[in-house]
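Enquirer: Counting from 1, one number per residue, gives the positions in the sequence shown under the UniProt record's numbering.
Yeah, the Cβ is synthetic: ideal placement off N, Cα and C, and Gly gets one too.
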Amino acid sequence: MTPRGWAVLTLAGLAVALVVAGALLIPWSRPPAPRADQLAALRSLPVDQVTRGRAFHAALRPGGYGALAVGLAVALLLGLTPLGSSLVELAGRPLGGHWVARAVLGGLAVMLLADLLTLPFAAWRQTVLVRYGLSTQGWSGWAVDLLKSYAVSAVIGGLVLLGFYTVVRLAPRWWWAFGAAGAAGLVVLLSFVLPVLVEPVFNRFTPMEPGPLRSELISMAARDGVPVRDVLVADASRRTKAVNAYVSGLGPTRRVVVYDTLLREATPAEVTSVVAHELGHAKDRDVWVGTLTGALGAAAAVVALYLIGSWAPLLRLAGVDSVAEPRAFPLLIALVTVVGLVAAPVQALVSRRVEARADAHALALTGDPSTFEAMQRRLAGVNLADPDPPRWEYLWSASHPSTVERMAAARAYTRESGR
Ligand SMILES: [Zn+2]
Numbered sequence: 001m002t003p004r005g006w007a008v009l010t011l012a013g014l015a016v017a018l019v020v021a022g023a024l025l026i027p028w029s030r031p032p033a034p035r036a037d038q039l040a041a042l043r044s045l046p047v048d049q050v051t052r053g054r055a056f057h058a059a060l061r062p063g064g065y066g067a068l069a070v071g072l073a074v075a076l077l078l079g080l081t082p083l084g085s086s087l088v089e090l091a092g093r094p095l096g097g098h099w100v101a102r103a104v105l106g107g108l109a110v111m112l113l114a115d116l117l118t119l120p121f122a123a124w125r126q127t128v129l130v131r132y133g134l135s136t137q138g139w140s141g142w143a144v145d146l147l148k149s150y151a152v153s154a155v156i157g158g159l160v161l162l163g164f165y166t167v168v169r170l171a172p173r174w175w176w177a178f179g180a181a182g183a184a185g186l187v188v189l190l191s192f193v194l195p196v197l198v199e200p201v202f203n204r205f206t207p208m209e210p211g212p213l214r215s216e217l218i219s220m221a222a223r224d225g226v227p228v229r230d231v232l233v234a235d236a237s238r239r240t241k242a243v244n245a246y247v248s249g250l251g252p253t254r255r256v257v258v259y260d261t262l263l264r265e266a267t268p269a270e271v272t273s274v275v276a277h278e279l280g281h282a283k284d285r286d287v288w289v290g291t292l293t294g295a296l297g298a299a300a301a302v303v304a305l306y307l308i309g310s311w312a313p314l315l316r317l318a319g320v321d322s323v324a325e326p327r328a329f330p331l332l333i334a335l336v337t338v339v340g341l342v343a344a345p346v347q348a349l350v351s352r353r354v355e356a357r358a359d360a361h362a363l364a365l366t367g368d369p370s371t372f373e374a375m376q377r378r379l380a381g382v383n384l385a386d387p388d389p390p391r392w393e394y395l396w397s398a399s400h401p402s403t404v405e406r407m408a409a410a411r412a413y414t415r416e417s418g419r
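1) What residues does ligand 1 have around it, judged by CB closer than 5 Å to any heavy atom, in chain order?
2) For the putative contact between Pro27 and Arg353, defined by C-beta atoms under 8 Å, what is the C-beta separation to the nearest angstrom?
3) With distances taken Cα to Cα, identify the nearest neighbour of Asp235 among Arg264, Pro210, Met220.
4) Quick one: using the 10 Å Cβ neighbour count with 16 as the cut-off for buried, is Ser191 buried or exposed?
5) Could you give the distance in angstroms between the alpha-carbon of Thr240 and the alpha-carbon of Phe202?
6) Which class does Leu159 belong to by DSSP, given the choice of helix, strand or coil?
7) Considering only the beta carbon of each residue, do Trp175 and Ala7 sit closer than 8 Å?
8) Would you mind reading off the limits of the beta strand (DSSP E) that contains Val274?
9) Quick one: residues in its chain with C-beta nearer than 7 Å to the C-beta of Leu384, no 5 flanking neighbours on either side, listed in chain order?
10) In whole angstroms, what separates the C-alpha of Ala183 from that of Val287?
11) Measure the CB-CB distance between Leu341 and Gly309 and report whether it falls below 8 Å.
12) Quick one: grab the DSSP three-state call for Tyr132.
13) Within the chosen definition, does the stretch 344-361 reach the stretch 256-273 through at least 3 CB pairs nearer than 8 Å?
14) Is the CB-CB distance between Ala398 and Pro389 below 8 Å?
15) Classify Arg377: buried if its beta carbon has 16 or more other beta carbons within 10 angstroms, exposed otherwise.
16) By how many angstroms is the C-alpha of Ser248 removed from the C-alpha of Met375?
17) Quick one: what does DSSP say Ser322 is sitting in, helix, strand or coil?
18) Use the C-beta contact count for His98: other C-beta atoms within 10 angstroms, 16 or more gives buried, fewer gives exposed.
19) Using a 10 Å radius around the Cβ and a threshold of 16 neighbouring Cβ atoms, would you call Gly5 buried or exposed?
20) Which first and last residues belong to the beta strand (DSSP E) in which Val257 is found?
21) Using the Cβ count rule (16 or more neighbours within 10 Å means buried), how would you classify Arg415?
22) Beta strand (DSSP E) containing Val226: first to last residue?
23) Once DSSP output is grouped into helix, strand and coil, what is the label at Thr166?
24) If I'm right that Gly157 touches Met111 with Cβ under 8 Å, what's the distance once you round it to whole angstroms?
25) Take the Cβ of Ser273 as the centre, count every other Cβ of all protein chains shown within 10 Å, and call the residue buried at 16 or more, exposed below.
26) Check whether the stretch 401-409 touches the stretch 292-307, counting contact only when three or more Cβ pairs, one atom from each stretch, lie closer than 8 Å.
27) Out of Ser370, Trp311, Glu393, point me to the one whose CA is closest to Leu349's CA.
28) Curious, which full-length alpha helix (DSSP H) runs of at least 4 residues does the stretch 282-347 contain?
29) From Val20 to Ala380, what does the alpha carbon distance come to, in whole angstroms?
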């Protein structure tokens, strides 16, 4: 069989594995609470809170979709015309056009150009956040964060580009197989490494101060059977008023992180409710599931790119001989961008189902639906959420159930448990 035949077979295998993993590991059988409960929850929210949340999201929308449109246009323009390959050549020229220079500098130049062209939208977004009082950052702090994130992507991107094009040179016929394995490995590695190496670039993490709240959280985790050695507090207040908590990392790097803003804004019982939700993620191994499906998806993407990328009309458009040469990197980015847009609603749906399961876990663990509902009310108020967002936007991008869905879930729990 030819490498191409093996690639088709591999892609089919990975697709089956993804479908099986998705069917077994994603809690599909958890539909949102009845719409009538959601509408009752919506009516119970203060009118000015709802109005303000909706106005905030309306103000963000043009910039958000503008950035999306410009990003897509740039990716297609560079990838499906010879412009992109010329940019890669140009960026590699100062170092004599050596393949390493083309691969790394050329690739980074393409990424940087896309970042620069969407920069005005990012700045606009920041003005909206400041106008609505959600951001606590001045322009200098904002710029420093931006430069840090560029630096992090340049380091990770540079290493990936160098690794990928080295493999292509060493195994010109089978690079897709090594590339797929490498991409899967990279997803797993980043899952472990990002929380430890990258999060401290942006925030300072300190163990939560000893006290009744900390003791309650640790004992709740023990009761839940989830090994949590520590609860960390992130100094999120340096850039935002928004409140949040999350769990990240795997095994020894796993941590529950609580924003300092959450501790300031919410009652201890509400913080407990949020952490109970995060424990749900740990208990159901959501980080593992995300890493596994992410790794399978990344491997499948590399094989698919190899197969799609050998389609002659595409190569002609991009003005390249093979999708595996550094000059074809913009074509890869264009394909990845399109696939990412198509995959977004699927990822959002999966994420919402997983989040709803963590909510159900929090309700069962705390047995306190009224605090859960109060917390959702507060989360929405402080974070300026639209409690019941437009349907199309919800389906397209919502990573969490809406505020009214989460409140309705608490009401349904109260009804079912007869409290
Ligand atoms: Zn969650």
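Expert: Quick answer:
1) Proximity to ligand 1 was defined by a C-beta distance below 5 Å to any of its heavy atoms, and the residues meeting it, in sequence along the chain, are Glu355, Ala358.
2) That belief holds up - the Cβ atoms of Pro27 and Arg353 are roughly 5 Å apart, short of 8 Å.
3) Residue nearest to Asp235 within the set Arg264, Pro210, Met220 is Arg264 (criterion: CA-CA distance).
4) Counting Cβ neighbours within 10 Å, Ser191 comes out buried, since at least 16 surround it.
5) Just so you know, the alpha carbons of Thr240 and Phe202 end up roughly 12 Å apart.
6) When secondary structure is reduced to three states using DSSP, Leu159 falls in the helix class.
7) Against a cut-off of 8 Å, the Cβ pair of Ala7 and Trp175 comes out as no contact.
8) It is not in any beta strand (DSSP E) - Val274 instead sits in the alpha helix (DSSP H) that spans 268-283.
9) Here Leu384 has Arg52, Gly53, Phe56, Tyr132, Leu134 as same chain residues with Cβ atoms under 7 Å from its own Cβ, once five neighbours each way along the sequence are excluded.
10) Distance between the alpha carbons of Ala183 and Val287 is about 17 Å.
11) Using a Cβ distance threshold of 8 Å, Leu341 and Gly309 do not count as a contacting pair.
12) In the three-state reduction of the DSSP assignment, Tyr132 falls in the coil class.
13) In short, these stretches do not touch, since the Cβ pair count stays below three.
14) Yes, they are a contact pair.
15) Burial call: buried.
16) A straight-line Cα-Cα distance of about 22 Å links Met375 and Ser248.
17) Ser322: coil per DSSP, three-state reduction.
18) Only exposed fits His98, as fewer than 16 other CB atoms lie within 10 angstroms of its CB.
19) With fewer than 16 other Cβ atoms within 10 Å, it is exposed.
20) Counting along the chain, the beta strand (DSSP E) containing Val257 begins and ends at 255-259.
21) Exposed, because fewer than 16 other Cβ atoms sit within 10 Å of the Cβ of Arg415.
22) Counting along the chain, Val226 falls outside any beta strand (DSSP E), and DSSP gives it neither H nor E.
23) Three-state DSSP puts Thr166 in a helix.
24) That belief holds up - the Cβ atoms of Gly157 and Met111 are roughly 6 Å apart, short of 8 Å.
25) Burial state of Ser273 is buried, judged by a 10 Å Cβ sphere holding 16 or more other Cβ atoms.
26) Counting C-beta pairs with one atom in each stretch, the stretch 401-409 and the stretch 292-307 have fewer than three that are closer than 8 Å, which means they do not touch.
27) In terms of Cα proximity to Leu349, the closest of Ser370, Trp311, Glu393 is Glu393.
28) Runs of the alpha helix (DSSP H) inside the stretch 282-347: 286-308, 312-318.
29) Roughly 35 Å between the two C-alpha positions.
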